[in-house]
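Engineer: Below you'll find the structure I mean.
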Amino acid sequence: MKNILPRRRQTIAGDDEFRVIAKEQVVALLLRASATHLLFRVELPGQAHSFSTALLGIYDEHDFLILDELSPEFGDRLLRVGQRITLTGRLEGVVLSFSTQLLEIRKKNGAAFYKARLPATLHYQQQRSANRVTSSGADIDFHALRGRGSSQLLKGYVSDLSREGVGIILTDEVELYPGEIISSCLLRLPGEGEISFSLEVCFCKTDRQQQFTRLGGRFEVIDPSSLQKILRVLKRMQHEQATGVNPTAI
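Quick note: the sequence shown uses the working numbering, first residue 88, plus one each step.
Here it is, written out as C-alpha cells:
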C-alpha cells in the first residue's frame, strides 16, 4: 500500500508555513493585536524612514480596518489613497505582518486616521534565536490533548526540534489556529524518556489530499528538567548529522 504520509526523514520548511489565509484566523489575529494595543512598524514604498501606527478597529463584515495616525506625524503627508503599505509588529513575541491598501484618509479633531482594506493574508512567524535540528534518523513520537472536557487527541511525530519549539507532523487533518495553546503535550525522547509541556501554535497547514497536518510551535510552559533532556537530544542529533555516527551506539 502506498504511504501517503511524508517520510520521517523529510524536512519541513518554507514561508508558506507562516501564512495565514483563512479569514476567521486573519480577523482573530487582528482583533488580538488591536486588543493588546500592538504598535506596528509601517514601511512606505521609497521611504528609508519607518513609521508606526496601531489598529483602531476591524470591520470584517465590510472588509476594512481603521489605522491610527502615523508617527512621526509627517508620515501622514506621504500617504495617498490607493497606496499599499506594509505593517509589522510582535504579537506576544511572534512577528505579525501584513500588507494593505489605503482606501480613505480622514481627519477628526486635528488627528488623522486611515481606512484600509482588510488583508487577505497575514504572516505570523516566530523569530527563532535557536536553530531547529531535523529529526532524521530519530523517531520521536508526539501525543497531545487539545481542549478541555471531551478533549481531542492529537498524534504524530517530530520533524524538527530546537530549545524553543518543535515541528510536528500530525497523522490526521486537524485545524489549529496561530496563537492557540495546546496545554497537554507529550514527547518520547530517545534515551531520555517522556517530557511534557504546553505548546503555542505558530503555524498550521493541512494537506487535505494526503490527509496530514504540519504543525509548528514554541514551548509555552516547559520545566527545566525537560528542557535539559531536549538539549541533550539536540546535541546527539547534531553530532549524528555532522559525523554520521550515533554516539549512543558507540
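A virtual CB, placed ideally from N, CA and C, is assigned to each residue, including glycine.
How long is the line joining the alpha carbons of residue 263 and residue 197, rounded to whole angstroms?
Structural biologist: Against the sequence shown, residue 263 aligns to sequence position 176. Against the sequence shown, residue 197 aligns to sequence position 110. If you take the alpha carbons of residue 263 and residue 197, they lie about 43 Å apart.
Engineer: Which value, in whole angstroms, describes the spacing of the CA atoms of residue 214 and residue 185?
Structural biologist: Sequence index remark: in the sequence shown, residue 214 carries index 127 (1-based). Sequence index remark: in the sequence shown, residue 185 carries index 98 (1-based). For residue 214, the predicted model reports a pLDDT of 47, less than 50, meaning its position is unreliable and no value from the coordinates is stated.
Engineer: Taking buried to mean at least 16 other C-beta atoms within 10 Å of its own C-beta, is residue 140 buried or exposed?
Structural biologist: As a first step, residue 140 is located in the sequence shown; it is residue number 53 there, counting from the start. Result: buried.
Engineer: Residue 316 and residue 276: beta carbons closer than 8 Å?
Structural biologist: Locating residue 316 in the sequence shown gives position 229, where the first residue counts as 1. Locating residue 276 in the sequence shown gives position 189, where the first residue counts as 1. Yes, Cβ-Cβ distance for residue 316 and residue 276 is below 8 Å.
Engineer: DSSP three-state label for residue 271, please.
Structural biologist: Counting from one through the sequence shown, the residue named residue 271 turns up at place 184. Three-state DSSP puts residue 271 in a strand.
Engineer: Round the Cβ separation of residue 244 and residue 259 to the nearest angstrom and send it over; I've been treating them as touching at under 8 Å.
Structural biologist: Position 157 of the sequence shown, counting from 1, holds the residue named residue 244. Position 172 of the sequence shown, counting from 1, holds the residue named residue 259. About 13 Å; that fails the 8 Å criterion.
Engineer: Just to confirm, are residue 174 and residue 134 a CB contact at a threshold of 8 Å?
Structural biologist: Start at 1 with the first residue of the sequence shown, and residue 174 comes out as number 87. Start at 1 with the first residue of the sequence shown, and residue 134 comes out as number 47. No, they are not a contact pair.
Engineer: From the DSSP output, in three-state form, read off residue 158 for me.
Structural biologist: Counting from one through the sequence shown, the residue named residue 158 turns up at place 71. Residue 158 falls in the strand class under three-state DSSP.
Engineer: So which of 138, 146, 309 has the shortest CA-CA distance to residue 203?
Structural biologist: As a working mapping, residue 203 is identified with position 116 in the sequence shown. Residue 146 is the option with its Cα nearest to residue 203.
Engineer: Could you tell me whether the region 276-290 touches the region 302-317, using the rule of 3 or more Cβ pairs below 8 Å?
Structural biologist: The region 276-290 is in contact with the region 302-317.
Engineer: Of the residues 193, 265, 189, 158, which one's Cα is nearest the Cα of residue 301?
Structural biologist: Residue numbering aside, residue 301 sits at position 214 when the sequence shown is read from its first letter. Checking every option, the nearest Cα to that of residue 301 belongs to 265.
Engineer: Using CA coordinates, which residue listed in 239, 286, 256 is at the minimum distance from residue 246?
Structural biologist: Along the sequence shown, one-based indexing puts residue 246 at 159. Among 239, 286, 256, the Cα nearest to that of residue 246 belongs to 256.
Engineer: Taking the straight line between their C-alpha atoms, what separation do you get for residue 176 and residue 121?
Structural biologist: Working through the sequence shown from its first residue, we reach residue 176 at position 89. Working through the sequence shown from its first residue, we reach residue 121 at position 34. Rounded to whole angstroms, residue 176 to residue 121 spans 11 Å at the Cα level.
Engineer: Considering residue 183, what are the terminal residues of the beta strand (DSSP E) in which it resides?
Structural biologist: Position 96 of the sequence shown, counted from the first residue, corresponds to residue 183. That run of the beta strand (DSSP E) goes 181-195.
Engineer: Apply the 10 Å Cβ neighbour rule to residue 191 and answer buried if 16 or more other Cβ atoms are within range, or exposed otherwise.
Structural biologist: As a working mapping, residue 191 is identified with position 104 in the sequence shown. Its Cβ having fewer than 16 others within 10 Å, residue 191 is exposed.
Engineer: With the cut-off set at 8 Å, would you say residue 306 and residue 234 are in Cβ contact?
Structural biologist: As a first step, residue 306 is located in the sequence shown; it is residue number 219 there, counting from the start. As a first step, residue 234 is located in the sequence shown; it is residue number 147 there, counting from the start. No, they are not a contact pair.
Engineer: Please confirm whether residue 326 has its beta-carbon closer than 8 Å to some beta-carbon of chain C.
Structural biologist: Of the chains in the structure shown, none is chain C; there is only one protein chain.
Engineer: Do you know whose CA, among 117, 167, 110, lies nearest residue 152's CA?
Structural biologist: Against the sequence shown, residue 152 aligns to sequence position 65. Among 117, 167, 110, the Cα nearest to that of residue 152 is on 117.
Engineer: Relative to the alpha-carbon of residue 183, which residue among 167, 144, 119 has its alpha-carbon at the smallest distance?
Structural biologist: On the sequence shown, residue 183 is found 96 positions in, with the first residue counted as 1. For residue 183, the nearest C-alpha among the options comes from 119.
Engineer: Distance, Cα to Cα, residue 216 vs residue 207?
Structural biologist: Here residue 216 corresponds to residue number 129 of the sequence shown, with the count starting at 1. Here residue 207 corresponds to residue number 120 of the sequence shown, with the count starting at 1. Any answer about residue 216 is weak, because its pLDDT of 48 lies below 50 and its placement is not dependable; what the coordinates show is given next. Between residue 216 and residue 207, the C-alpha separation is close to 29 Å.
Engineer: Quick check on this structure: which residue in 169, 210, 271 has the alpha carbon closest to the alpha carbon of residue 238?
Structural biologist: Position 151 of the sequence shown, counted from the first residue, corresponds to residue 238. Per the Cα distances, 271.
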